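Enquirer: Residue numbers (our numbering), protein chains in the order written: chain C, 1 to 252; chain H, 1001 to 1299. Please find one structure pasted underneath; my questions will follow.
Right under this line is the structure:
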């Protein structure tokens, strides 16, 4: 579904992503892990069109989106969440979802007037199911900026879903969560897979990655050093070396 | 006391046109975080388009008003393309300086095409002032106030009840997040500019037709009044722009009555100075300051 072909991004002399090749298949949860600074977030940003690609190619459903702008990527069906939460703090919870739903409206309706000036009458009802899913139904009218940290993370996920994407890019969704919240997130991601969503999960929290993903790729210094099922990755000596800085023989 | 109250009424009506100018300024600033100094001159050029069709075709008030608004919108779009879209990746100050350069260009253009400097502008209507107890109201001022109020309500509905308004608010809240949520920032900015210019065009028509004349200096005047009213209210805040405009109008009306016409601008600048020293964020500036603080915290 999503294909990266020898993707590279250089910042000056730093090779943040270096010849990365990946394929995420439809309906799977694909984990992307690696030590700090290994190029995970850069990869997500490249897919979403945040900054220009140095070399390589990105294809989504066979379509070339290497040089697409962020709003074009969303229209193509890729929505994301952020490592640092980026909500519209002065809009209410349901309006945050409404913003994202508008992207879909743009793709569907043809008329200019309708696209730009149609009202909010039905918009609020349409957000109900998502608010339920995110456990925010009781807070629909609160300002997003007044939510707790955990609620804001859930709202970010709901906002990405409001754009009705085919694929979700989650950039460290469990960062700063306690174990209970990680458990809830794991259930939510499982439910999304049941729904047929494809997910690319960038994460540090191993309990989440190992428990929920179908396949995992490991990055180090911008290159892929391993790829496989969670079991295979856990037993890979190269991965242990990258994470622990040893060859892994010591803990046999 | 009657004089004081009468001045307040006059000031509010005068200030309603300042409020419209300030709303235009603050819309652009809210979306772009950039100042458009060329805002007044683009309205001035629109008013000269209105003058042109008056002189050439003896057009009626409605046609002149439409020509003024259309002219202001077209010049506004020209400014947006040149000073904002073309250098959107550059520093904010680059946009401000180039908008100043376009200001000079527009003034030169008008001076070349209209060499007589001062031109007559047909008044919207000629009517006797209306008495109301000890007070009296000029009809054109009442029309100005009614138009400003109606336009403000329409703008409020646009911003809070339509998709375009939601997008505009999302962009001014957090441009980054808006981009990833599928909002085409360039398009929103373009329409925000067109909207601000249209509001400015209406304000320009009301002011110039009340004065019954137009000079190229109207651009400078409109930029100053709009800018001062926006600063008084707090940059980026629409309620602030409205209150700032009304406050400026009332202070000017009082100073004209008690001190004389020549003190009008002096008092306006003194008021601005007091605000800059004691309340630099303006009446509603804390909202924006808070937003900037949150934005910084996110980084």
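C-beta: ideal position from N, C-alpha, C; glycine also. All values reported here derive from a predicted model rather than from experimental measurement.
Does the separation of the CB atoms of residue 78/C and residue 214/C fall below 8 Å?
Expert: Residue numbering aside, residue 78/C sits at position 78 when the first chain is read from its first letter. Residue numbering aside, residue 214/C sits at position 214 when the first chain is read from its first letter. No, the Cβ-Cβ distance between residue 78/C and residue 214/C is not below 8 Å.
Enquirer: How far does the alpha helix (DSSP H) with residue 1073/H in it reach, from first residue to last?
Expert: Walking along the second chain from the start, residue 1073/H turns up at place 73. First-last of the alpha helix (DSSP H) with residue 1073/H: 1061 to 1079.
Enquirer: What is the DSSP secondary structure of residue 21/C, reduced to helix, strand or coil?
Expert: In the first chain, counting from the first residue as 1, residue 21/C sits at position 21. Residue 21/C falls in the strand class under three-state DSSP.
Enquirer: Which one of 4/C, 162/C, 158/C, 242/C has the shortest CA to CA distance from residue 53/C?
Expert: Along the first chain, one-based indexing puts residue 53/C at 53. It is 4/C.
Enquirer: For residue 1117/H, which three-state DSSP category applies?
Expert: Here residue 1117/H refers to the residue found at position 117 when the second chain is read from its first residue. If DSSP states are grouped into helix, strand and coil, residue 1117/H belongs with coil.
Enquirer: Does residue 71/C pass the burial test, meaning 16 or more other C-beta atoms within 10 Å, or should it be called exposed?
Expert: Residue mapping note: residue 71/C aligns to position 71 of the first chain, counting from 1. Classification of residue 71/C: buried, given that the 10 Å Cβ count is 16 or more.
Enquirer: Which value, in whole angstroms, describes the spacing of the CA atoms of residue 1014/H and residue 1247/H?
Expert: Looking up residue 1014/H in the second chain gives position 14. Looking up residue 1247/H in the second chain gives position 247. C-alpha separation (whole angstroms): 10 Å.
Enquirer: Expressed to the nearest angstrom, what Euclidean distance is found between the alpha-carbon atoms of residue 221/C and residue 201/C?
Expert: The count along the first chain starts at 1 and reaches residue 221/C at position 221. The count along the first chain starts at 1 and reaches residue 201/C at position 201. Cα-Cα distance, rounded: 19 Å.
Enquirer: Excluding the 5 residues flanking residue 1245/H on each side, which residues of the same chain have their C-beta closer than 6 Å to its C-beta?
Expert: Position 245 of the second chain, counted from the start, is the residue given in the question as residue 1245/H. The residues are 1015, 1018, 1019, 1022, 1229.
Enquirer: With burial defined as no fewer than 16 other Cβ atoms inside 10 Å of the residue's Cβ, what is the status of residue 149/C: buried or exposed?
Expert: Within the first chain, numbered from 1, the residue matching residue 149/C stands at position 149. Answer is exposed; the Cβ neighbour count stays below 16.
Enquirer: Considering Cα atoms alone, identify which of 1111/H, 1079/H, 1062/H, 1178/H is closest to residue 1196/H.
Expert: Along the second chain, read from residue 1 onward, the residue named residue 1196/H stands at position 196. Comparing Cα-Cα distances from residue 1196/H to each of 1111/H, 1079/H, 1062/H, 1178/H, the minimum goes to 1079/H.
Enquirer: Please name the residue in 240/C, 225/C, 232/C, 229/C whose C-alpha comes closest to that of residue 39/C.
Expert: What you label residue 39/C is simply residue 39 of the first chain in a count that begins at 1. Among 240/C, 225/C, 232/C, 229/C, the Cα nearest to that of residue 39/C belongs to 225/C.
Enquirer: State the start and end residues of the unbroken beta strand (DSSP E) segment that holds residue 182/C.
Expert: Position 182 of the first chain, counted from the start, is the residue given in the question as residue 182/C. It is not in any beta strand (DSSP E) - residue 182/C instead sits in the alpha helix (DSSP H) that spans 179 to 194.
Enquirer: Indicate whether at least one CB of chain H lies closer than 8 Å to the CB of residue 149/C.
Expert: Here residue 149/C refers to the residue found at position 149 of the first chain. Judged by the 8 Å Cβ criterion, residue 149/C is not in contact with chain H.
Enquirer: Determine the closest residue to residue 1206/H out of 1065/H, 1117/H, 1159/H, 1051/H, with distance taken between C-alpha atoms.
Expert: Here the question's residue 1206/H lines up with position 206 in the second chain. Here the closest residue by C-alpha is 1065/H.
Enquirer: Specify, as a first and last residue, the run of the beta strand (DSSP E) that residue 1211/H falls within.
Expert: Residue mapping note: residue 1211/H aligns to position 211 of the second chain, counting from 1. Premise fails: residue 1211/H lies in the alpha helix (DSSP H), 1185 to 1211, not in any beta strand (DSSP E).
Enquirer: Does chain H have any CB closer than 8 Å to the CB of residue 98/C?
Expert: What you label residue 98/C is simply residue 98 of the first chain in a count that begins at 1. Yes - at least one Cβ of chain H is within 8 Å of the one on residue 98/C.
Enquirer: Shortest alpha-carbon distance to residue 88/C belongs to which of 1214/H, 1174/H, 1186/H, 1249/H?
Expert: Along the first chain, one-based indexing puts residue 88/C at 88. Minimum Cα distance to residue 88/C is reached at 1174/H.
Enquirer: When Cβ atoms are compared, which residues of the segment 65 to 76 of chain C fall closer than 7 Å to chain H?
Expert: Cβ contacts with chain H come from 70, 71, 74, 75.
Enquirer: Could you confirm whether any beta carbon from chain H is found closer than 8 Å to the beta carbon of residue 86/C?
Expert: Position 86 of the first chain, counted from the first residue, corresponds to residue 86/C. Yes, because at least one Cβ of chain H sits closer than 8 Å to the Cβ of residue 86/C.
Enquirer: Could you tell me the alpha carbon to alpha carbon distance between residue 24/C and residue 1/C, rounded to whole angstroms?
Expert: Here residue 24/C is taken as the residue at index 24 of the first chain, counted from 1. Here residue 1/C is taken as the residue at index 1 of the first chain, counted from 1. Residue 24/C and residue 1/C: Cα-Cα distance of roughly 6 Å.
Enquirer: Could you check if residue 1039/H is buried or exposed, using at least 16 other CB atoms within 10 Å of its CB as the buried criterion?
Expert: Numbered from 1 along the second chain, position 39 holds the residue referred to as residue 1039/H. Result: buried.
Enquirer: In chain C, which residues lie less than 8 Å from residue 1233/H when you measure between Cβ atoms?
Expert: Your numbering for residue 1233/H matches position 233 in the second chain. Near residue 1233/H there are no residues of chain C at all, since even the closest Cβ is about 17 Å away, more than 8 Å.
Enquirer: According to DSSP, which residues form a beta bridge with residue 10/C?
Expert: Residue numbering aside, residue 10/C sits at position 10 when the first chain is read from its first letter. According to DSSP, which records beta bridges pairwise, residue 10/C is partnered with 15/C.
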